[in-house]
Each structure stands twice: as C-alpha cells, then as structure tokens.
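Before any comments, here is the structure.
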Amino acid sequence: MRHAYFLIAWLFFALGAIGMVVPGLPTVPFMLLALWAFSKSSKRFHDWLYAHRIFGPPLQQWHMHRVIPLKAKIVSLLSMALSLTYLILRGNTPGWLLGITAVLMAYGAWFILSHPSRPRA
Numbered sequence: 029m030r031h032a033y034f035l036i037a038w039l040f041f042a043l044g045a046i047g048m049v050v051p052g053l054p055t056v057p058f059m060l061l062a063l064w065a066f067s068k069s070s071k072r073f074h075d076w077l078y079a080h081r082i083f084g085p086p087l088q089q090w091h092m093h094r095v096i097p098l099k100a101k102i103v104s105l106l107s108m109a110l111s112l113t114y115l116i117l118r119g120n121t122p123g124w125l126l127g128i129t130a131v132l133m134a135y136g137a138w139f140i141l142s143h144p145s146r147p148r149a
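Each residue of the sequence shown is one higher than the one before, counting from 29 in our numbering.
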C-alpha cells in the first residue's frame with residue numbers, strides 16, 4: 029500500500045502544482061491530500077512538502093490553526109467566479125454541467141469562507 033500512497037501523493041502534488049497556474053483548480057487542498065498520502069508512504073517527502081518554501085507555509089497554517097490566508101481566499105474565490113462566468117458566457121456548456129460546476133464551486137466557496145483568515149488570538 030505504501031507504493032500506492034506514494035503514487036497518489038505525487039498525483040495530488042502534480043494537480044496542486046497545476047492549480048497554481050490554472051484558474052479554478054485549487055492548490056492547497058491538493059497539497060493537503062499530497063501531504064496526507066506522503067504521511068502514509070514517505071516521511072522524507074512528507075517533511076519535504078511540509079517545509080517547502082512555497083507550499084509549506086499554507087500547509088503549516090492549516091495544520092496548526094485551520095486557517096486559510098486572506099490572499100488564498102481572494103485568489104480562490106475570484107478564480108472560481110471568473111471560471112464560472114467564462115463557462116456561462118461561452119454559451120455552449122450544457123446546463124447540467126453548469127449546474128454541477130456551480131454547486132461544487134458554491135461548496136468550495138462556503139468551505140473557504142467558513143474558516144478564519146488568521147489564527148485566533
């Protein structure tokens with residue numbers, strides 16, 4: 029199973045890295061999943077990701093305080109809104125797909141907004 033978790037971790041890591049440049053695709057949730065899968069497969073890579081210069085700080089903030097930084101919230105919500113607007117204005121996206129996308133994005137927005145932006149004092 030360790031090999032499977034290791035492969036899953038790299039898949040989630042790749043999706044998270046792609047999410048840094050593709051609007052609408054989240055980064056931190058995939059990195060959290062990668063961190064979890066690395067914890068099941070490789071302490072070395074778990075520690076590497078947790079201490080990573082770019083990905084580490086949001087993972088550490090989430091782990092210690094269940095915090096989603098304000099900048100991450102703004103980028104996430106804006107990219108979801110722009111992506112959904114693009115799908116709607118493009119005009120040839122099936123209604124059922126628009127509905128599913130809107131519901132998933134609404135859940136994502138609720139999740140993001142329901143967590144604090146800073147650690148509690």
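Ideal placement from N, C-alpha and C gives every residue a C-beta, glycine not left out.
At the C-beta level, A37 and A62 come within 8 Å of one another. Contact check for H93 against P147 passes: the beta carbons are separated by less than 8 Å.
For I116, the enclosing alpha helix (DSSP H) covers residues L98 to R118.
The Cβ atoms of F41 and M59 lie closer than 8 Å to each other. Note that the C-beta distance between F73 and F66 is below 8 Å. Of the residues L35, S70, P86 and G47, the one whose Cα lies closest to the Cα of P144 is P86. When S111, L35, H80 and W64 are compared, the shortest CA-CA separation from P54 is found for S111. If you check the CB distance, Q88 and Y78 come in under 8 Å. It is roughly 26 Å from the alpha-carbon of L115 to the alpha-carbon of L98. Contact between K101 and I46 does not hold, since their C-beta atoms are separated by about 20 Å, which reaches or exceeds 8 Å. Rounded to the nearest angstrom, the Cβ distance from A137 to L105 is 6 Å, consistent with a contact under 8 Å. Distance from the CA of P122 to the CA of V56, rounded to the nearest whole angstrom, comes to 29 Å.
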